[in-house]
């Protein structure tokens, strides 16, 4: 079984925000919600500037899943962390726990009342029937079910952002590092995948609704 | 009892430690961003093939540029979440949850031992007004809002462990949505009720020397010896200052921070507020179990005092002797002399 991961190669990212646009376009993400963002460190400082595209990293031991008061998260067989919007109550706990700032909330009312959480699905939709109308409306397109990889990585002009099976990505990345002789530190990987996958201690909601 | 206090103290100190830890974490690296950039610039010259320092520093408070709007959008990795998760799911919830269970057990055991404590003397049939209508309204507003908050809060904090296996996901999610909405809207009403209750009862809760005597023997609750007290005994006063005011402020302020996230609070602020809120509200509930027990099952006549506002003279003499003597001597102000007793000659105060 594949273990889906993201890699962002900081030696290649040129901060074009193509991944951000691709994502918004692919999933028709509502106004104010950004599933992916590009962050540039040391902006404008020669030699120290690096950009990283960041979204949900689909952690092995996902903190969002651990703190959710209604247990609406589940990890698919591919290692993708998804959630059920029918169960989500919009409490914001996942946002407090997430190291990457991935969970997003559309504003649903006055005083910062949150709507149901939205985040990167690794283009794998949600618990609804694959490619059904409700799935597209709630979670965006399910590209994985169509045999395609996430739109952000597919669209990346420099192939800085890679998405797919962790083993395959590692091989590609290792070769790059060997060839150029630098930049072997994978941003975010210790945080997201540093822990071995934990066996579920809580029951998970159904992974596929009929 | 001692062990229970030790547990409560453990939860309290865990909450404080959590706060300190989060505060420390949220500050991240001590160097200012400009200094860090300079360091990394030097790094690219000295060790061009080693970017590790860049990524080691790209945590916590270090924020980069991003075209995406939103608070903390420029932060790549926030560290506090993992600490918050560990403390919230672990220390605070586990110890707090068991402290609450222990409190129920201790109270149950106490009831099994003592039962409802009856009056020693037979009632006189003459009634004394103990609480005015307004005082009772203030008390019950606080009590009802507190109960709603306690139940909805418990559902949100522990429901996934206890109720999901019973109800299933869909029904529990509906219940949690209801709890969240109730909690968010009733919270501010509770704060207002607390403030009104504080103002109404503060005069009679002022600590006096006699309270220390009461506390020293725990009101004679265990020995059965009579200890005179004012309108409120020292136990009630501890609940007033420590519970209503102390925990009220702790839970109220942290609750408002969590309830109104539209003032640009950072995640570390929310994490800290959540832990303080969770720890504080568990202590509040532990105290409330004792308070509710004493006001209903524990002490005969206590509930009707807050329900009707009136108590029997025998009850007043036995439980609040100093207050009763003042009443008899006509020293009490306002309404308390209006319960069908002749006013003392030559004064209405």
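Residue numbers (the working numbering), protein chains in the order written: chain A, 1019 to 1228; chain B, 3 to 351.
Every residue, glycine too, gets a C-beta built ideally from N, C-alpha and C.
Task: residue 352 of chain B vs residue 199 of chain B beta-carbon contact at 8 Å - done: Absent from the model: residue 352 of chain B. The displayed extent of chain B is 3 to 351, so no value can be given.
Open item on the list: Under 8 Å, Cβ to Cβ, is there at least one residue of chain B near residue 1061 of chain A?
Closed with: yes
TODO: Could you spell out where the beta strand (DSSP E) holding residue 131 of chain B opens and where it closes?
DONE: 129-131
Task: Given residue 319 of chain B as reference, the closest of B/298, B/233 and B/243 once Cα atoms are compared - done: B/233
Open item on the list: Residues of the region 1074-1100 of chain A in Cβ contact with chain B at a cutoff of 8 Å, in chain order, please.
Closed with: 1081, 1084, 1085, 1086, 1087, 1088, 1089 and 1090
Task: residue 1121 of chain A beta carbon less than 8 Å from that of residue 1109 of chain A - done: no
Open item on the list: Please identify the residue among B/57, B/76, B/73 and B/190 whose C-alpha is closest to the C-alpha of residue 1203 of chain A.
Closed with: B/57
Task: Closer than 8 Å to chain A by CB, residue 164 of chain B - done: no
Task: Cβ-based neighbour list, residue 75 of chain B, same chain, cut-off 7 Å, excluding 5 preceding and 5 following - done: 68
TODO: On the DSSP bridge assignment, give the partners of residue 1101 of chain A in chain order.
DONE: A/1091
Task: Neighbour-count burial assignment, residue 173 of chain B, 16 or more Cβ in a 10 Å radius - done: exposed
- [ ] Taking residue 101 of chain B as part of the alpha helix (DSSP H), name the residues at either end of that continuous run.
- [x] 95-116
- [ ] Look at residue 1090 of chain A and residue 1116 of chain A and say whether their C-beta atoms are less than 8 Å apart.
- [x] no
- [ ] Report the three-state DSSP secondary structure of residue 1024 of chain A (helix, strand or coil).
- [x] strand
Open item on the list: Tell me which residue opens and which closes the alpha helix (DSSP H) that residue 1131 of chain A is part of.
Closed with: Run containing residue 1131 of chain A: none; DSSP gives neither H nor E here.
Open item on the list: Does chain B have any CB closer than 8 Å to the CB of residue 1058 of chain A?
Closed with: yes
TODO: Look up residue 1068 of chain A in the DSSP assignment and give the residues it is bridged to.
DONE: A/1059
Task: Neighbourhood of residue 1066 of chain A by C-beta, 8 Å cutoff - its chain only, sequence neighbours within 5 removed - done: 1059 and 1060
Open item on the list: For residue 307 of chain B and residue 1094 of chain A, I'd like the C-alpha separation in whole angstroms.
Closed with: 59 Å
TODO: Take residue 256 of chain B as the anchor and find which of B/280, B/236 and B/235 has the nearest alpha-carbon.
DONE: B/280
Task: Strand pairing of residue 1182 of chain A, partner residues [DSSP] - done: A/1023
Task: Nearest residue (CA-CA) to residue 1068 of chain A, options B/301, B/42, B/222 and B/48 - done: B/42
Task: Same chain, Cβ closer than 6 Å to residue 120 of chain B, neighbours up to 5 away in sequence not counted - done: 302
- [ ] Hey, could you find the ends of the beta strand (DSSP E) residue 1151 of chain A is sitting in?
- [x] Segment 1151-1157 is the alpha helix (DSSP H) holding residue 1151 of chain A; no beta strand (DSSP E) there.
- [ ] Compare the C-beta of residue 1024 of chain A with all C-beta atoms of chain B and state if any pair is closer than 8 Å.
- [x] no
TODO: Closer than 7 Å by C-beta to residue 1214 of chain A: which residues in its own chain qualify, once you throw out the five before and the five after it? Chain order, please.
DONE: 1078
Task: Collapsed DSSP secondary structure at residue 41 of chain B in the structure displayed - done: helix
Task: Residue(s) in a DSSP beta bridge with residue 1125 of chain A - done: A/1132
Task: Classification of residue 1038 of chain A by the beta-carbon crowding that lies within 10 angstroms, buried from 16 upward - done: buried
Task: Cβ of residue 1160 of chain A within 8 Å of any chain B Cβ - done: no
Open item on the list: Between residue 1042 of chain A and chain B, is the shortest Cβ-Cβ distance under 8 Å, so that the two count as touching?
Closed with: no
Task: Beta-carbon gap between residue 1188 of chain A and residue 1036 of chain A smaller than 8 Å - done: no
- [ ] Determine, using beta-carbon pairs with one atom in the region 210-230 of chain B and one in the region 158-177 of chain B, whether at least three such pairs fall under 8 Å.
- [x] no
- [ ] Give me the Cβ distance between residue 2 of chain B and residue 158 of chain B, rounded to the nearest whole Å; I'm assuming they're in contact under 8 Å.
- [x] An answer regarding residue 2 of chain B cannot be provided, because it is not within the stretch 3 to 351 covered by chain B.
- [ ] Drop a sphere of 10 angstroms on the beta-carbon of residue 310 of chain B, count the other beta-carbons inside from all chains shown, and report buried for 16 or more, exposed for fewer.
- [x] exposed
Task: Residues within the region 1111-1122 of chain A neighbouring chain B, beta-carbon criterion of under 9 Å - done: 1111, 1113, 1114, 1115, 1116, 1117, 1118, 1119 and 1122
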